[in-house]
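Everything on this sheet refers to the single structure shown next.
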Amino acid sequence: MSNVSLIHEDEQLIVLNKPEGLLAVPGKGPDKQDCLSARVQARWPDALVVHRLDMATSGLVVMARGLEAQRALSLAFEERRVHKRYTAVVAGQLTNPQADNGWNSIDLPLMADWPRRPLQKVDRVQGKPSLTRWRISAQPSTAGTTRLELEPVTGRTHQLRVHLQALGHPVVGDALYAAPDTPATAARLLLHAHWLLFPHPLHGQAMEFHSPCPF
Numbered sequence: 027m028s029n030v031s032l033i034h035e036d037e038q039l040i041v042l043n044k045p046e047g048l049l050a051v052p053g054k055g056p057d058k059q060d061c062l063s064a065r066v067q068a069r070w071p072d073a074l075v076v077h078r079l080d081m082a083t084s085g086l087v088v089m090a091r092g093l094e095a096q097r098a099l100s101l102a103f104e105e106r107r108v109h110k111r112y113t114a115v116v117a118g119q120l121t122n123p124q125a126d127n128g129w130n131s132i133d134l135p136l137m138a139d140w141p142r143r144p145l146q147k148v149d150r151v152q153g154k155p156s157l158t159r160w161r162i163s164a165q166p167s168t169a170g171t172t173r174l175e176l177e178p179v180t181g182r183t184h185q186l187r188v189h190l191q192a193l194g195h196p197v198v199g200d201a202l203y204a205a206p207d208t209p210a211t212a213a214r215l216l217l218h219a220h221w222l223l224f225p226h227p228l229h230g231q232a233m234e235f236h237s238p239c240p241f
């Protein structure tokens, strides 16, 4: 599967580490058919998509094996029994208002910015409820940036990226949402899905996976 790393495999599911720059599912046009799902299905024909990561985001992805497992995992996502955490490096110095570095919330409704698709935007009238939790990462930050740990409660398109932009601290390397004159730049989007916890679709046991941050 080229640069896709296999983290876990059993008869019900597959957990993979997606590199940045690879689509999760096929896009429109013949030049956008190479993607994570196509590579996985070439090896496991019964593999089915359960969730996605943005092309520019790296990290953990789970795929179901067969329709029954897909239904069970999809229900777990719907019922918020799946928990994900991300590492992000954002522009500027962000300080946690909580002395113990507890979780903070960004509660801003989101919707598609139709004239500028695929961009999303905050819309307090028509947007769908969207909630992100954040705290300062235990890992050190470089000058002019802040390293964060993020936990999306909802799963809207580009949610983490739009919420951080709205906070005034866009993700470093974000070609869609960071201002062109943002001082901190990078060759890639500095956003990585590093932790995933979900119930196994067959026996319900908690499955926990980690992926070291590549930046």
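The sequence shown runs 27 to 241 under my numbering. Every residue gets a Cβ at the ideal spot worked out from N, C-alpha and C, and that includes glycine. Here the structure is a predicted model, which means the values were calculated and not measured.
> Just curious, the alpha helix (DSSP H) that H189 is in, first and last residue?
Replying inline: Counting along the chain, the alpha helix (DSSP H) containing H189 begins and ends at Q185 to A192.
> Given A73, which residues of its chain have a CB within under 8 angstroms of its CB, disregarding the five upstream and five downstream residues?
Replying inline: I40, S63, V66, Q67, M89, A90 and R91
> So, is S237 buried or exposed, given that buried needs 16 or more other C-beta atoms within 10 angstroms?
Replying inline: buried
> How many angstroms separate the CA atom of T211 from the CA atom of G199?
Replying inline: 5 angstroms
> For Q185, does the count of other Cβ atoms within 10 angstroms reach 16, so buried, or fall short, so exposed?
Replying inline: buried
>> Using the three-state DSSP reduction, which class does V75 fall into: helix, strand or coil?
In response: strand
>> Contact between the stretch 146-157 and the stretch 119-137 is defined here as three or more beta-carbon pairs at a separation below 8 angstroms; is this criterion met?
In response: At 8 angstroms Cβ cutoff, the stretches touch.
> For L99, which of helix, strand or coil comes out of DSSP?
Replying inline: helix
>> To the nearest angstrom, how far is the alpha carbon of L223 from that of Q146?
In response: Answer to the nearest angstrom: the Cα atoms are 27 angstroms apart.
> Short check: CB of V188 to CB of L217, under 8 angstroms?
Replying inline: no
> Buried or exposed: where does Q191 fall if 16 or more other Cβ atoms within 10 Å of its Cβ makes it buried?
Replying inline: Q191 is buried by the Cβ-count criterion.
> Rounded to a whole number of angstroms, what is the C-alpha to C-alpha distance between V115 and T171?
Replying inline: Rounded to the nearest angstrom, the two C-alpha atoms are 6 angstroms apart.
>> With a threshold of 7 angstroms on Cβ separation, who are the neighbours of Q96 within its own chain once the five nearest residues in sequence on each side are excluded?
In response: L74, V76 and A90
> Taking all protein chains shown into account, do 16 or more other C-beta atoms lie within 10 angstroms of the C-beta of T168, making it buried, or fewer, making it exposed?
Replying inline: exposed
> Which residue or residues does DSSP assign as beta-bridge partners of Q146?
Replying inline: A138
> Rounded to whole angstroms, how far is the Cβ of A117 from the Cβ of L215, which I believe are closer than 8 angstroms?
Replying inline: Going by Cβ atoms, the distance from A117 to L215 rounds to 12 angstroms, so no, they are not a contact pair.
> Is the CB-CB distance between A219 and L79 below 8 angstroms?
Replying inline: yes
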